[in-house]
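For what it's worth, the UniProt record's numbering labels the leading residue of the sequence shown as 1, then goes sequentially. This report refers to the structure that appears directly beneath it.
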Amino acid sequence: MTFWNFFFNNKKTKIIENTIENTDTKIFIENLRENKQKLILYSSTNKDINLHDLEKLCDSVGWVKRPIKKVKIAIDNSFLIIAIFYYKENKKNLIGFARATSDESFNATIWDVVIHPQFQGKGLGKALMQETIKQLRYHDISTITLFADPEVIQFYKGIGFVTDPDGVKGMFWYPI
């Protein structure tokens, strides 16, 4: 239960309007500003995401470019997507993204967690994970997994994920 308590008692993140059924939720991260202006951020579960904006976001953190058609298929076949953005001059600015696949009963795997470098270290990654887990728990999914590069393992451990629980190891098959 300590794991879930972290997410729902995190003092840095405040949910202003919280409605699971609606696709957009206002969130507030303390002291998050751009050019001295306080930012109002929104999270969205709408799968109709601008793929070129997502590609730019992924590029900003150095991810390998993936074919846009395949990214679209991955999003369409995901159980859940969460996008974090703000508006500037009536334009949506995507600064965070995560998605999850699921058997829609017991298990879900979180994929493609990304926060724009300009917004890293401000609690936004934790807020993104909090919202993702909250949505999955709302659907009564109890086993949540993810894959993490070595440099972000500590981040995920800090929010309650464990590596190799009970000695369980992930296994992969690759075509030769």
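Beta carbons are placed, not taken as given, at the ideal position from N, Cα and C, and that holds for glycine.
Uninterrupted beta strand (DSSP E) stretches at least 3 residues long and entirely within the UniProt domain "N-acetyltransferase" (44 to 176) occur at 80 to 88, 91 to 102, 107 to 115 and 143 to 146, given in chain order. Here L41 carries a strand assignment [DSSP, helix/strand/coil]. A direct Cα-to-Cα measurement between G62 and E104 gives close to 31 angstroms. Of the candidates I153, V152, E151 and K134, K134 places its Cα closest to the Cα of I144. Counting C-beta pairs closer than 8 angstroms gives fewer than three between the segment 68 to 75 and the segment 118 to 137, which falls short of the contact rule. With a cutoff of 8 angstroms on beta-carbon distance, N50 and L94 are scored as near each other.
Residue burial is scored here from C-beta neighbours: K126 has at least 16 other C-beta atoms within 10 angstroms and is therefore classed as buried. Between the alpha carbons of S142 and L41 lies a gap of roughly 28 angstroms. Between A83 and F97 a beta carbon distance of about 5 angstroms is seen, short of the 8 angstroms cut, so the two are scored as contacting. For D140, the closest of L54, D59 and F106 by C-alpha to C-alpha distance is F106.
Within a 10 Å sphere around the beta-carbon of R99 sit 16 or more other beta-carbons, which makes this residue buried. As the crow flies, the alpha-carbon of W111 is around 8 angstroms from that of T101. One Cα belongs to T45, the other to V113, and the distance between them is close to 14 angstroms.
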